[in-house]
Structure formats: C-alpha cells, structure tokens
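Colleague: Provided herewith is a single structure, encoded as structure tokens, for subsequent inquiry.
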Amino acid sequence: MLGALAGAALTAALMTLLQWPHTEVVHRARQPQTVSYGDDAPHYLGLKREHTVSGRESYRLMIGRDPGLGYGHLVQIDASLGAEGIADTEWTKTGVRVRFGTGHTLFVPASSFTYGR
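Convert by adding 2 to the 1-based position in the sequence shown; the result is the number in the working numbering.
Here you go:
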C-alpha cells in the first residue's frame, strides 16, 4: 500500500515537472542591414510559445532592440496562427510585415518598436 502511494506521488510529481510552465522561442528574425530606423539600433523579432501547467499554449510576438527578446513591443498572437509558425518576415523603413504559415499577415509599424519601445 505504501509503495503504491509513493509511486502515485512520484508519478504526479513527474507529470507536474513535465508540464511546468515554460517559454520557448519558436521563430527568430533580425532586421536586415539594408533597412535602418531613426534610432540606429538593430531590431529583433521573436515568436514565443508559452506552455502553462494546464497544458495550454499561447503565443506572443516580441519586436525590439533586445536580442534576447526580453523586452520590446509585445503582440498577442492567436494560438491557431502561432501553431503554424512564421513563414516570412519583411522589414521595411515603415515597419515589419509578418506572414504566418496560415497565410495571414500582420504589419507592425516601426514607431511601435523603435527608440526602446
């Protein structure tokens, strides 16, 4: 009986650890050198997938000057778009256009992610 309880507790602990909340970057892009913005800084874009203890997944697009994607302009992305991933990014002087695997596109103006935003 005691062995069965210990086994059940160990299994529950292992399942919790496997489902522990974590975030991973599933796509990363850097502003090309042919495009520049008024703040003269390189800019980065990343699609982050976040897992919760309950098993839910959410996606966030981060665009900014931090290569580690720790801060910048944050856009919540619908899970159905995020799950298909980013197919392409197009950086222009006016901003960045993100094309998802579903074919949907999102344009983020440069004013949203330049000058430390």
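Note that CB positions come from ideal geometry on N, CA and C, so glycine has one too.
What does the Cβ neighbour count give for His24, buried or exposed, with the cut at 16 atoms within 10 Å?
Modeller: Burial is judged here by how many other beta carbons sit within 10 angstroms of a residue's own beta carbon; His24 has fewer than 16 and is exposed.
Colleague: Return the residue from the list Trp22, Val77, Thr94, Gly48 that minimises the CA-CA distance to Val55.
Modeller: Trp22
Colleague: Any Cβ of chain D within less than 9 Å of the Cβ of Arg62?
Modeller: Among the chains in the structure shown there is no chain D, since it carries only a single protein chain.
Colleague: Would you mind working out which of Val27, Val37, Gly118 sits nearest Glu92, comparing C-alpha positions?
Modeller: Ranking Val27, Val37, Gly118 by Cα distance to Glu92 puts Val37 first.
Colleague: Using only CA atoms, which one of Gly9, Gln33, Gly57 lies nearest to Asp116?
Modeller: A small correction: the amino acid at residue 116 is Thr; Asp does not occupy that position in the sequence shown. Measuring from the Cα of Thr116, the nearest candidate turns out to be Gln33.
Colleague: Among residues of its own chain, excluding the 5 on either side of Lys182, which ones have a beta-carbon nearer than 6 Å to its beta-carbon?
Modeller: Residue numbering for the chain in the displayed model covers 3 to 119; residue 182 lies beyond these limits and cannot be assessed.
Colleague: Given a threshold of 16 other Cβ atoms within 10 Å of its Cβ, counted over all protein chains shown, does Ala112 qualify as buried or as exposed?
Modeller: buried
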